[in-house]
Amino acid sequence: MLIHIRTVYLNMIRDGSKPVEGRMNEPKYAAIVAGQKITFYDGDDSDEEGDGNADSKINLGNTLEAEVVEVRRFKSFKKMLQAYGVEAFLPDFNGSLDEAVEVYRGFEGYREGEEEFGACAIKLMVL
Numbered sequence: 351m352l353i354h355i356r357t358v359y360l361n362m363i364r365d366g367s368k369p370v371e372g373r374m375n376e377p378k379y380a381a382i383v384a385g386q387k388i389t390f391y392d393g394d395d396s397d398e399e400g401d402g403n404a405d406s407k408i409n410l411g412n413t414l415e416a417e418v419v420e421v422r423r424f425k426s427f428k429k430m431l432q433a434y435g436v437e438a439f440l441p442d443f444n445g446s447l448d449e450a451v452e453v454y455r456g457f458e459g460y461r462e463g464e465e466e467f468g469a470c471a472i473k474l475m476v477l
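This is the structure:
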């Protein structure tokens, strides 16, 4: 599975300071299971979902291979952040829990999707 991620977060996963990736639990992420391999990339995200065309080219940029150790699903970003602690998701963040929730809600579609889909925490092991 390919997942686009901002470079700063990709580097935090790589160096071990960010052991858990948080996402809206939309169908793509709701299907993730423990043991699954994920390739995170920080390049062009215009075709993350893929178009089914084997000849389709996408600039992946920097990549990182990881294995899913655990997946937990939550009704809200707040519950997700409380379960693992803000620092597991946002290691360089110095704000409050509510401010950390707003970081997640600031990602495109996440504010609207939180109520419908909830959140998922993906605990990772870098390969």
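In terms of our numbering, the sequence shown opens at residue 351 and continues consecutively.
Every residue gets a Cβ at the ideal spot worked out from N, C-alpha and C, and that includes glycine.
From a predicted model like this one, the values you see are computed outputs, not experimental measurements.
| message | For Arg364, which residues in the same chain have their Cβ closer than 6 Å to its Cβ, ignoring the five residues on either side in sequence? | response | Leu414
| Which value, in whole angstroms, describes the spacing of the CA atoms of Ser426 and Met374? | 9 Å
| task | Counting only runs of 3+ residues fully inside the region 372-456, write out the beta strand (DSSP E) ranges in chain order. | result | 387-391, 413-424
| task | Sort out for me which residues DSSP pairs Leu352 with in a bridge. | result | Answer by DSSP bridge pairing, in chain order: Thr389.
| said: In whole angstroms, give me the CA-to-CA distance for Glu398 and Ile472. | reply: Residue placement at Glu398 is flagged as unreliable, the pLDDT there being 49, under the threshold of 50; a coordinate-derived value is accordingly withheld.
| message | Comparing C-alpha positions only, which one of Met362, His354, Tyr359, Gly372 sits nearest to Lys429? | response | Gly372
| query | According to DSSP, is Met362 helix, strand or coil? | reply | helix
| task | Grab me the residues of Val370's own chain with a C-beta within less than 8 Å of its C-beta, minus the 5 sequence neighbours each way, in chain order. | result | Cβ neighbours of Val370 beyond the five flanking positions: Tyr434, Ala438, Phe439, Ala471, Ile472, Lys473, Leu474.
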